[in-house]
Each structure stands twice: as structure tokens, then as C-alpha cells.
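Chemist:
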Amino acid sequence: MRTLPKLNDNVKIVHWAPQNAILAHPKTKLFMTHGGLKSFKEALCGKTPVVFMPISAEQGMITRVSMKMGLGTALSKYTVTADAMVKAFNEILYNSTYKENMEKTYEFFLDRIIPSLDEGAWYVDKLIRRVEILGLRAASLPNDEQSLLFFRRRGISLPSYKYFGFDWILAGIGLAYLLAK
2 MRTLPKLNDN
12 VKIVHWAPQN
22 AILAHPKTKL
32 FMTHGGLKSF
42 KEALCGKTPV
52 VFMPISAEQG
62 MITRVSMKMG
72 LGTALSKYTV
82 TADAMVKAFN
92 EILYNSTYKE
102 NMEKTYEFFL
112 DRIIPSLDEG
122 AWYVDKLIRR
132 VEILGLRAAS
142 LPNDEQSLLF
152 FRRRGISLPS
162 YKYFGFDWIL
172 AGIGLAYLLA
182 K
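Residue numbers (the numbering used here): 2 to 182.
#1: Classify P6 as buried or exposed, calling it buried when 16 or more other Cβ atoms lie within 10 Å of its own Cβ.
#2: Which word fits V51, buried or exposed, when buried means at least 16 other C-beta atoms lie within 10 angstroms of its C-beta?
#3: Whose C-beta lies closer than 8 Å to the C-beta of G71 among residues of the same chain, with five residues either side of it excluded?
#4: Could you check how far apart the C-beta atoms of H35 and I14 are, in whole angstroms? I think they sit under 8 Å.
#5: Tell me the residue span of the alpha helix (DSSP H) that contains S62.
#6: Name the residue from E120, C46 and I129 whose alpha carbon lies nearest to the alpha carbon of F109.
#7: Within 10 Å of its beta-carbon, does K48 have 16 or more other beta-carbons around it, so buried, or fewer, so exposed?
#8: Is I114 buried or exposed, if buried means 16 or more other CB atoms sit within 10 Å of its CB?
#9: Who are G73's beta bridge partners in DSSP?
#10: Could you give the DSSP three-state label for P32: helix, strand or coil?
#11: Tell me the DSSP secondary structure of N96 in three-state form.
#12: Give the straight-line distance between the Cα atoms of V66 and D84, rounded to the nearest whole angstrom.
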């Protein structure tokens, strides 16, 4: 096992930490994240401004929207330096508009016509009604089809060569062969 160099007393390394509790703590002033949806939602629920460093997937879009809303700032994974990090941290720490915007967005996020639990119960009831209306009773289906009732993928019934696109690859190779002659 690799040992780490001696760190300051205010730095603690752990295998796991309760991220929601940390973000909701009043002494937490900013959160540096890759900008994934779950991490962003946790920062929003903790009303903690964010320094983003998107890596892939939806992270870039979440970063751009958040910056436009004034919820945080961003660093590029390609050009990040210690000075850029300090500048981004200071921007969040010494500019109260990020915290204010995060609090306003949190309040907007919670502003609902009905409580979330009631809305969830309504959707479950709707699903049950739909199943009853369409006559789709899981008990009437064979066991292997019960689990596929609502989450069946279209590709599951395709032959393997079509599912993985080998038919198109073979057609491309054949076309290239014919054109090369």
C-alpha cells in the first residue's frame, strides 16, 4: 500500500464521506466537482456554490447552464493550474452572488404545486390504472415475461449480428471490396 506525504492537520483523507451532509454543513463554502447531474443536485440541495471541472458526457452542458445561472465557475481539465484553481476558489469565496443565486435556485427547485411525495404517489396510481385499463396484469404473464413488462428493450428480440451491427459492417466491407475491384 502506498503512503501519502504528511499533510496539514486540516486535511483528512477517508475512504468514504457523507457528501450530502458535508455539502449541507454551514461551514462548507464551495464544492469542486466534475459536474455530473447527481453531484450538481447534491450541491443544489446543500445550497453550495460550485467550481466545475467537466470531464465527459453531460458534465459540460450542466457546467455551461450553471455558469449562465451564476451558480458557479469552471476550470478546463486541459489547462488547469494551481493559480487558476486559486482564482476560481477566490471568485466563489469572495463573491456572495454565487451563494445567493444557489439559494434562489434551491427555493425555485422546491417550489412545487403539490408536495413531491404526493406527486410520486399520483404517478404510481396512474401506472396502476394504466395497467388495469390495458389489461396488463403481471400475474397473467409467464414468469420470464413479468420482469420485461415495462422495461423491455427493442434490441432484445434482434439476432446478435444485427444487435451489434455486424450486418452493416459486413455490407460496408462488401461495398469497399466491390469498389476496389
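Where is the CB? At the ideal position from N, CA and C, for every residue including glycine.
Modeler: A quick look at the data gives this:
#1: That one is exposed.
#2: The residue in question, V51, is buried, as its Cβ has 16 or more Cβ neighbours within 10 Å.
#3: Answer for G71: T98, Y99 and N102, listed in chain order.
#4: With a contact defined as Cβ atoms closer than 8 Å, H35 and I14 miss out at about 19 Å.
#5: Looking at the sequence itself, residue 62 is Met, so the reference to Ser does not match. Its alpha helix (DSSP H) spans residues Q60 to K69.
#6: Of all alpha-carbon atoms in E120, C46 and I129, the one lying nearest the alpha-carbon of F109 is that of C46.
#7: The residue is buried, with at least 16 neighbouring Cβ atoms inside 10 Å.
#8: With a 10 Å radius around the Cβ and a threshold of 16 neighbouring Cβ atoms, I114 comes out exposed.
#9: In DSSP, G73 forms a bridge with V51.
#10: Going by the sequence as given, residue 32 is Phe instead of Pro. DSSP places F32 in strand when its eight states are reduced to three.
#11: DSSP places N96 in coil when its eight states are reduced to three.
#12: Distance from the CA atom of V66 to the CA atom of D84, rounded to whole angstroms, is 24 Å.
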